[in-house]
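Student:
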Amino acid sequence: MSSVAVTPDPEITPKSADASLGGTTRADRVKRRLTSPGATIAALIIAVIWTIPTFGLLLSSFRPAGQISTTGWWTFFGDPQLTLANYGEVLFSGSASSPQLGEYFVNSLAIAIPGTIIPLVLAALAAYAFAWVKFKGSSTLFVVVFALQIVPLQMALIPLLQLFVTFLQPFQDALHEAVPFISERQFLPVWIAHAIFGLPLAIFLLHNFISAIPADVIEAARVDGAGHGQIFFRIILPLATPAIASFAIFQFLWVWNDLLVALVFSSGTPDTAPLTQRLAELAGSRGENWERLTAGAFVSLVVPLLVFFGLQRYFVRGLLAGSAKG
Amino acid sequence: MSTMDLIGKVMQALVGLAAFGVVMALLLAFLDRPEDKPRMASWGAAIKQGLRPRVILIAAFALIAVLARVLYGAVPWMTQELTNAAILVGVAGIAVVVLQWLLDRLLQPAAPRVRSAVMRLLGAALVIALVILAQMAESIPALDWVTPALVLAAPIVGWPLAAALLATAAIAFLPDRIRRHVRLIAWLVAAVAVVAVAFVLEQGREQPIGVWPWAAAAALSIVGVLGYLADQHDDSKPMLVFLMPAALLLTVGLVYPAIRTTVLAFTDASGTFNGIENFVWMFTQPEALVTLGNTVVWVILVPLLSTAIGLAYAVFIDKSRGERVYKMLVFMPMAISMVGASIIWRFMYAYRGPEQEQIGLVNQVIVWFGGEPQQILQNSPWNTLALIVVMIWIQTGFAMVVLSAAIKGVPTEQLEAAEIDGANPWQRFANVTVPGIRTSLVVVVTTISIATLKVFDIVRTMTAGNFNTSVVANEMYTQAFRSGEPGRGAALALILFIMVLPVVVYNIRVLNQQKAIR
Numbered sequence: 010m011s012s013v014a015v016t017p018d019p020e021i022t023p024k025s026a027d028a029s030l031g032g033t034t035r036a037d038r039v040k041r042r043l044t045s046p047g048a049t050i051a052a053l054i055i056a057v058i059w060t061i062p063t064f065g066l067l068l069s070s071f072r073p074a075g076q077i078s079t080t081g082w083w084t085f086f087g088d089p090q091l092t093l094a095n096y097g098e099v100l101f102s103g104s105a106s107s108p109q110l111g112e113y114f115v116n117s118l119a120i121a122i123p124g125t126i127i128p129l130v131l132a133a134l135a136a137y138a139f140a141w142v143k144f145k146g147s148s149t150l151f152v153v154v155f156a157l158q159i160v161p162l163q164m165a166l167i168p169l170l171q172l173f174v175t176f177l178q179p180f181q182d183a184l185h186e187a188v189p190f191i192s193e194r195q196f197l198p199v200w201i202a203h204a205i206f207g208l209p210l211a212i213f214l215l216h217n218f219i220s221a222i223p224a225d226v227i228e229a230a231r232v233d234g235a236g237h238g239q240i241f242f243r244i245i246l247p248l249a250t251p252a253i254a255s256f257a258i259f260q261f262l263w264v265w266n267d268l269l270v271a272l273v274f275s276s277g278t279p280d281t282a283p284l285t286q287r288l289a290e291l292a293g294s295r296g297e298n299w300e301r302l303t304a305g306a307f308v309s310l311v312v313p314l315l316v317f318f319g320l321q322r323y324f325v326r327g328l329l330a331g332s333a334k335g
Numbered sequence: 003m004s005t006m007d008l009i010g011k012v013m014q015a016l017v018g019l020a021a022f023g024v025v026m027a028l029l030l031a032f033l034d035r036p037e038d039k040p041r042m043a044s045w046g047a048a049i050k051q052g053l054r055p056r057v058i059l060i061a062a063f064a065l066i067a068v069l070a071r072v073l074y075g076a077v078p079w080m081t082q083e084l085t086n087a088a089i090l091v092g093v094a095g096i097a098v099v100v101l102q103w104l105l106d107r108l109l110q111p112a113a114p115r116v117r118s119a120v121m122r123l124l125g126a127a128l129v130i131a132l133v134i135l136a137q138m139a140e141s142i143p144a145l146d147w148v149t150p151a152l153v154l155a156a157p158i159v160g161w162p163l164a165a166a167l168l169a170t171a172a173i174a175f176l177p178d179r180i181r182r183h184v185r186l187i188a189w190l191v192a193a194v195a196v197v198a199v200a201f202v203l204e205q206g207r208e209q210p211i212g213v214w215p216w217a218a219a220a221a222l223s224i225v226g227v228l229g230y231l232a233d234q235h236d237d238s239k240p241m242l243v244f245l246m247p248a249a250l251l252l253t254v255g256l257v258y259p260a261i262r263t264t265v266l267a268f269t270d271a272s273g274t275f276n277g278i279e280n281f282v283w284m285f286t287q288p289e290a291l292v293t294l295g296n297t298v299v300w301v302i303l304v305p306l307l308s309t310a311i312g313l314a315y316a317v318f319i320d321k322s323r324g325e326r327v328y329k330m331l332v333f334m335p336m337a338i339s340m341v342g343a344s345i346i347w348r349f350m351y352a353y354r355g356p357e358q359e360q361i362g363l364v365n366q367v368i369v370w371f372g373g374e375p376q377q378i379l380q381n382s383p384w385n386t387l388a389l390i391v392v393m394i395w396i397q398t399g400f401a402m403v404v405l406s407a408a409i410k411g412v413p414t415e416q417l418e419a420a421e422i423d424g425a426n427p428w429q430r431f432a433n434v435t436v437p438g439i440r441t442s443l444v445v446v447v448t449t450i451s452i453a454t455l456k457v458f459d460i461v462r463t464m465t466a467g468n469f470n471t472s473v474v475a476n477e478m479y480t481q482a483f484r485s486g487e488p489g490r491g492a493a494l495a496l497i498l499f500i501m502v503l504p505v506v507v508y509n510i511r512v513l514n515q516q517k518a519i520r
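As given, the protein sequences belong to chains S and P, one line each in that order. This note's numbering applies: residue 10 is where the first sequence begins, and numbers increase by one. This note's numbering applies: residue 3 is where the second sequence begins, and numbers increase by one.
1. Of the choices S:219, S:262, S:214, whose alpha-carbon is the least far from that of residue 122 (chain S)?
2. Residue range of the alpha helix (DSSP H) that residue 365 (chain P) falls in?
3. Under 6 Å Cβ to Cβ from residue 160 (chain P), same chain only, skipping five residues before and after it: list those, please.
4. If we count the other Cβ atoms within 10 Å of its Cβ and call it buried at 16 or more, is residue 160 (chain S) buried or exposed?
5. Can you name the residues of chain S whose CB is closer than 7 Å to the CB of residue 478 (chain P)?
6. Using a Cβ-Cβ distance under 8 Å, would residue 237 (chain S) count as near chain P?
7. What three-state label does DSSP hand residue 323 (chain S) in the structure shown?
8. Are the beta-carbon atoms belonging to residue 299 (chain S) and residue 78 (chain S) less than 8 Å from one another?
9. Anything in chain S within Cβ reach of residue 159 (chain P), meaning under 8 Å, just list it in chain order.
10. For residue 266 (chain S), would you say it is in contact with chain P, using Cβ-to-Cβ distances shorter than 8 Å as the test?
11. Alpha carbon to alpha carbon, how far is residue 293 (chain S) from residue 348 (chain P)?
12. Just tell me which of P:269, P:330, P:262 has its CA closest to the CA of residue 321 (chain S).
13. Does any residue of chain P bring its CB to less than 8 Å from the CB of residue 48 (chain S)?
14. If you measure from the beta carbon of residue 55 (chain S) to each beta carbon in chain P, is any gap under 8 Å?
15. At which residues does the alpha helix (DSSP H) containing residue 459 (chain P) begin and terminate?
16. Determine which residues share a DSSP beta bridge with residue 77 (chain P) and list them.
17. Under the three-state reduction of DSSP, which class applies to residue 155 (chain S): helix, strand or coil?
18. For residue 256 (chain P) and residue 309 (chain P), I'd like the C-alpha separation in whole angstroms.
19. Closer than 8 Å, CB to CB, is residue 508 (chain P) near chain S or not?
20. Here's a check: name, in chain order, each residue in its chain whose Cβ is nearer than 6 Å to the Cβ of residue 17 (chain S), leaving out the five neighbours to either side.
21. Specify the secondary structure class of residue 449 (chain P) as computed by DSSP and reduced to three states.
22. Consider the Cβ of residue 90 (chain S): report whether some Cβ of chain P lies at a distance smaller than 8 Å.
23. Which stretch, first to last residue, makes up the alpha helix (DSSP H) that contains residue 254 (chain P)?
24. The alpha helix (DSSP H) spanning residue 1 (chain P) covers which residue range?
25. Closest by CA to residue 109 (chain S), which one among S:257, S:100, S:115?
26. Hey, residue 548 (chain P) and residue 486 (chain P): beta-carbon distance below 8 Å or not?
27. Counting only beta-carbon atoms, is residue 388 (chain P) nearer than 8 Å to chain S?
28. Give the residues from the region 162-187 of chain S that approach chain P closer than 9 Å (Cβ to any Cβ), ordered along the chain.
29. Nearest CA to the CA of residue 279 (chain P): which residue from P:494, P:205, P:313, P:407?
30. How is residue 281 (chain S) classed by DSSP in three states: helix, strand or coil?
31. Using a C-beta cutoff of 8 Å, does residue 359 (chain P) count as contacting chain S?
32. Taking the alpha helix (DSSP H) that residue 419 (chain P) belongs to, which residues open and close that run?
33. Any beta carbon from chain P within less than 8 Å of residue 319 (chain S)'s own beta carbon?
34. Spell out the partners DSSP gives residue 275 (chain P) in its beta bridges.
35. Run through DSSP, which three-state label would residue 359 (chain P) get?
36. Suppose you measure from the CA of residue 507 (chain P) to the CA of residue 61 (chain P); what does that come to, to the nearest Å?
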């Protein structure tokens, strides 16, 4: 699926370069006709409308609490006052009424990192097998795995939760007994759920990449006496890094931003609930408490935005491939 | 948050990942059995090769012992027995690693099979000796540190360990043909034995042992079956082991639940079969009908408007200066969570009475134009539109990025030819560009449709489905997990699946055609 929009780019660049070399830039001429001042203004308006909501939230989160709830954020420019108090309050305050998001931030990390690594490793192994083992029904099985992407995860929620309660809960309780400072409400169900829901896409994506690795490379390694482990770690993984990075980023953001899986499979307590769940709860119960909501929302946005600005290329590819997920 | 909580969470993540890593390492170890490895040419190479893992092992055992000693007295749950046991494990572990290494060097000339058998026999002898020593510990003054718990534990751990070592040593000499079958049987027998022993032990105690024997038995069986699958002479078949974890998870986590949900859709709250009652409820009750109606409105408006705006924007900014920045601004909402987006937009929609100063931009704009501020999220049916705006805000970036790439793929020659023929910009767009990006348009519309059908977070966060704004995915959650009606929830999930199905199938077909053309 990644072929949709990613591939055109490399094809375009040489072509337009050719055009600009030969003659008085015919492409430029066509281009100029297409971009009128009206279009530029329209684009500018859309860009502003799309940016204003986020900007307003960001600005508000730094305004003093009293001002947020009495005056619009646009009045800031007449009376500029900034403070970090809201962030201190939502992240670190120990008072019972504070959102205590620091704890949930840790939860989000504790969910998202294993929730990315586990499906990634499983899928890489499976994709290796799919790509390099010839067995009867291999292609059929691969199509089945791919087709599983169309099962909305809503279809899996109820029975999966029942399975977890029956088979997983006893082990969680036992683990809590054995090591008391691990809470009996654990991340395990959320990890497994995210791993399951991430697998079909991950296998598909990685298989496309791994099956494109030349067979000669792998044959040569086997002749040199490399085992499967060595081939996997020394050849497959390095060569498939772009695909792995794309999927890892997509899956990380998907898990980080997810609300439904967290609502169903985490306990909903500070022990395991991620940021999104806490924020949704705050928005429901204290919908007018804007100094907390604005800062809280931005705390949850920081990580995705960092990923977005830092790793945009991989992010776009993962997103395009994964847009049918879930 | 207390430090203890934080440690607990980090521990969980580390233990979870470590356990996962161990399982994966085991899988790989099965595929690369040491017996199959070519013999090392020189002593130097052999030592080098064997040294690193052993150094790591020794370090690990030393760490266990040291850690136990450091923690003793520092944390309440580190009892004296636990500390003693940990130190014992550490010291014994180091001794075993060193011994095994020395033996390995001594036996170097022998065949690998013989070597491992001798090693196992010696190991079994050592274990048996230790067990007997532990039983006599009371009468030997030098062993007074052996606690009763250790005396009790020694035979429980020791005898099975010795038996396992002896059995594996014997199995190594079986003919190739039956060896792997016997190995599998041995693993399964071990699994059964663990549970049986646990039951026997449980008879004599008040406290039940719980689920651990079952966990051990399950682990042993899985390891056995995986090893059985991996232990084949054909070189590529063993890799099927790689498929096992993924296949298992998908079967248990997606295939089975999907089937189960389908069945569940025809049952009532108590789990008894009630025919199509849930579907009758869905299509007759006013609140359920509102849900379905809203979903239809969503799935018509969001793909249409997002694609239209995204396309227009992509065309407007095409080849303009600062295209990258333009793209980034509109694409950014795609990265943030729907919960975050919902809060952003709740703030936009925030309402203050007409006599007060507005804090939400939308109401402020209404006031600036002389209107009355509105309770945007509560006035049905406009509130559904207000939610739809959020989804459009998120999805437009996606449409724009895909379509922008597609537009750049339309050949310049065609556009020029149309220009020479006297087509105006709009005609060029409608007759050249749009047909050129048709497949991408289809993909964008279908993809956004699927995402829209499943929309949950926005509705949940902004109105929780109140004020007539619920959609299928949200109602499914409410029914199944809040109202205690899993049957209705399952029925709604099934409807969702049926609605998504044709869109996805169409999407896949288009993609396949596209691939075939390439």
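Just so you know, even glycine gets a beta-carbon here, dropped at the ideal spot from N, CA and C. From a predicted model like this one, the values you see are computed outputs, not experimental measurements.
Tutor: Looking at the coordinates:
1. S:262
2. 363-370
3. 129, 133
4. buried
5. 163
6. yes
7. helix
8. yes
9. Neighbours of residue 159 (chain P) on chain S: none; closest Cβ ~17 Å, over 8 Å.
10. yes
11. 11 Å
12. P:330
13. yes
14. yes
15. 459-464
16. P:74
17. helix
18. 31 Å
19. no
20. With a pLDDT of 34 at residue 17 (chain S), under the threshold of 50, the modelled position of that residue is not reliable, and the figure given next carries that caveat. Cβ within range, chain order: n/a, list empty.
21. helix
22. no
23. That residue, residue 254 (chain P), is in no alpha helix (DSSP H); it is neither H nor E in DSSP.
24. Residue 1 (chain P) lies beyond the stretch modelled for chain P, which goes from 3 to 520, so this question has no answer here.
25. S:100
26. As displayed, chain P neither begins before 3 nor continues past 520, which places residue 548 (chain P) out of reach and without an answer.
27. no
28. 162, 163, 164, 165, 166, 167, 168, 169, 170, 171, 172, 179, 180, 182, 183, 184, 186, 187
29. P:494
30. coil
31. yes
32. 414-422
33. no
34. P:269
35. coil
36. 55 Å
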